[in-house]
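A.B. asks: FYI, in our numbering the residues of the sequence shown are 379 to 686. Idealized CB from N, CA, C, for every residue including glycine. My questions all concern the structure below.
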Amino acid sequence: MDGHIFGQQVVNGMVLGMIYGLIAVGYSMVYGVIGMINFAHGDVYMISAYITGITLSVLAFFGVQALLPVLIIALLVVMLVTGVYGWVIERVAYRPLRGSPMLAPLISAIGVSLFLEAYVQIAQGPNPQGIKPYLSGAFRFWTGTGVDQFFQITYIQTVIVVVALASMAGLAYLIGYTSLGRSCRATQQDSKMATLLGIDTNRIISMVFVIGSVSASIAGFLVTLNYGSFDFYIGFVVGIKAFTAAVLGGIGSLPGALLGGLLLGLLESLFSGYVSTDYKDVFSFSVLIIVLIFKPSGLLGRPAVEKV
Numbered sequence: 379m380d381g382h383i384f385g386q387q388v389v390n391g392m393v394l395g396m397i398y399g400l401i402a403v404g405y406s407m408v409y410g411v412i413g414m415i416n417f418a419h420g421d422v423y424m425i426s427a428y429i430t431g432i433t434l435s436v437l438a439f440f441g442v443q444a445l446l447p448v449l450i451i452a453l454l455v456v457m458l459v460t461g462v463y464g465w466v467i468e469r470v471a472y473r474p475l476r477g478s479p480m481l482a483p484l485i486s487a488i489g490v491s492l493f494l495e496a497y498v499q500i501a502q503g504p505n506p507q508g509i510k511p512y513l514s515g516a517f518r519f520w521t522g523t524g525v526d527q528f529f530q531i532t533y534i535q536t537v538i539v540v541v542a543l544a545s546m547a548g549l550a551y552l553i554g555y556t557s558l559g560r561s562c563r564a565t566q567q568d569s570k571m572a573t574l575l576g577i578d579t580n581r582i583i584s585m586v587f588v589i590g591s592v593s594a595s596i597a598g599f600l601v602t603l604n605y606g607s608f609d610f611y612i613g614f615v616v617g618i619k620a621f622t623a624a625v626l627g628g629i630g631s632l633p634g635a636l637l638g639g640l641l642l643g644l645l646e647s648l649f650s651g652y653v654s655t656d657y658k659d660v661f662s663f664s665v666l667i668i669v670l671i672f673k674p675s676g677l678l679g680r681p682a683v684e685k686v
């Protein structure tokens, strides 16, 4: 096993896993609080890619060229706009159906997903869009004396890892050490009791959708900078992968979302590098099935307790 190939696949897998983890957080938060799956979540990620491209174009049009201000402004705009999308999705597709049979909000979420895809396809066109590269260069790590005996992590991949870890740490602090986080945990444990104790559960649920959407938007922003291209359909595949990561780690568990994302990303990357890229999805989902057979709640999920 060549060290430089293995090292490169591990780096690629970690970067991909960070992206999956950021998106999976939104699935886990929504499910943890209201017990529903937001299948429009992947399309929020897709929306963030387009907003990234549009914002960068507008900043370039007005002559804003400094790299750091451009990236910070673009990220803040993406987070703000997608947060609004998350709030609207909760108000339109979920709140009116709360308390309905589980199939109703599921169909509603799929409808929102199809609407967002069609809306972007009509508004921006069906052809792939792209942006110019903003960061070039890489850190190289030599594993031998040969010219090609190294693996590398590009500057943008480094940014992805750093920003993803910072976002996860900030989210963990928000949930664990703030009044909003305590309200989220109370609503998750018993929404009726939380309401009786004076917590505005409707506001908390809306905030959960907003936070999940912002997390997905950070992933969309980073992926757009990394690959430079996107289209109206990218949310479907990435959304399914992120949902798989959330289930693998334990749906409803934030650490599980990160762990599931990292594991899924590493498995995909290593399988692609050593076996075949054509069957990497088959392999990843096979691992998910095996894990759920032996641990149905996921790696870090809590077993379901039947209420009496």
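1. In the DSSP assignment, find the beta strand (DSSP E) that holds I531 and state where it starts and stops.
2. Going by DSSP, what residue range makes up the alpha helix (DSSP H) through A623?
3. With a cut-off of 8 Å, do at least 3 Cβ pairs link the region 381-399 to the region 510-522?
4. Is DSSP giving S426 helix, strand or coil here?
5. With burial defined as no fewer than 16 other Cβ atoms inside 10 Å of the residue's Cβ, what is the status of D578: buried or exposed?
6. Just grab the DSSP bridge partners of L516 for me.
7. Can you name, in chain order, every residue of its own chain whose Cβ lies under 7 Å from the Cβ of V616, other than the five neighbours on each side?
8. My output table needs one value for M576: the three-state DSSP class, helix, strand or coil.
9. Comparing C-alpha positions only, which one of A418, I451, L678 sits nearest to I696?
10. Any idea if I667 is buried or exposed, counting beta-carbon neighbours within 10 angstroms, 16 or more meaning buried?
11. I need the DSSP call for Q443, collapsed to helix, strand or coil.
12. Is G554 helix, strand or coil when you go by DSSP?
13. What does Q507 pair with, by DSSP beta-bridge criteria?
14. Return the first residue and the last residue of the alpha helix (DSSP H) that P483 is part of.
15. Should G598 go down as buried or exposed, given a rule of 16 or more other Cβ atoms within 10 Å for buried?
C.D. replies: Quick look at the numbers:
1. Walking along the sequence shown from the start, residue 531 turns up at place 153. I531 -> beta strand (DSSP E) spans 528-532.
2. By one-based count along the sequence shown, residue 623 stands at place 245. A623 -> alpha helix (DSSP H) spans 612-627.
3. yes
4. Taking the first residue of the sequence shown as position 1, residue 426 is located at position 48. Residue state, collapsed to three classes: helix.
5. As a working mapping, residue 578 is identified with position 200 in the sequence shown. Burial call: exposed.
6. Translated into the one-based positions of the sequence shown, residue 516 becomes position 138. Residue identity differs from the one stated: residue 516 is Ala in this sequence, not Leu. Paired residue(s): T532.
7. In the sequence shown, the residue the question calls residue 616 occupies position 238. Excluding positions up to five away in sequence, the list reads I401, G420, Y423.
8. Position 198 of the sequence shown, counted from the start, is the residue given in the question as residue 576. The residue asked about is misnamed: residue 576 is Gly in this sequence, not Met. DSSP places G576 in coil when its eight states are reduced to three.
9. Given that the chain is displayed from residue 379 to residue 686, the structure contains no residue 696 and the question cannot be resolved.
10. Your numbering for residue 667 matches position 289 in the sequence shown. Under this definition I667 is an exposed residue.
11. As a first step, residue 443 is located in the sequence shown; it is residue number 65 there, counting from the start. Coil, per DSSP.
12. The sequence position of residue 554 within the sequence shown is 176, counting from 1. Correct three-state label for G554: helix.
13. Position 129 of the sequence shown, counted from the start, is the residue given in the question as residue 507. According to DSSP, which records beta bridges pairwise, Q507 is partnered with F608.
14. Within the sequence shown, numbered from 1, the residue matching residue 483 stands at position 105. Element bounds for P483: 481-502.
15. On the sequence shown, position 220 is the one that residue 598 refers to. Buried.
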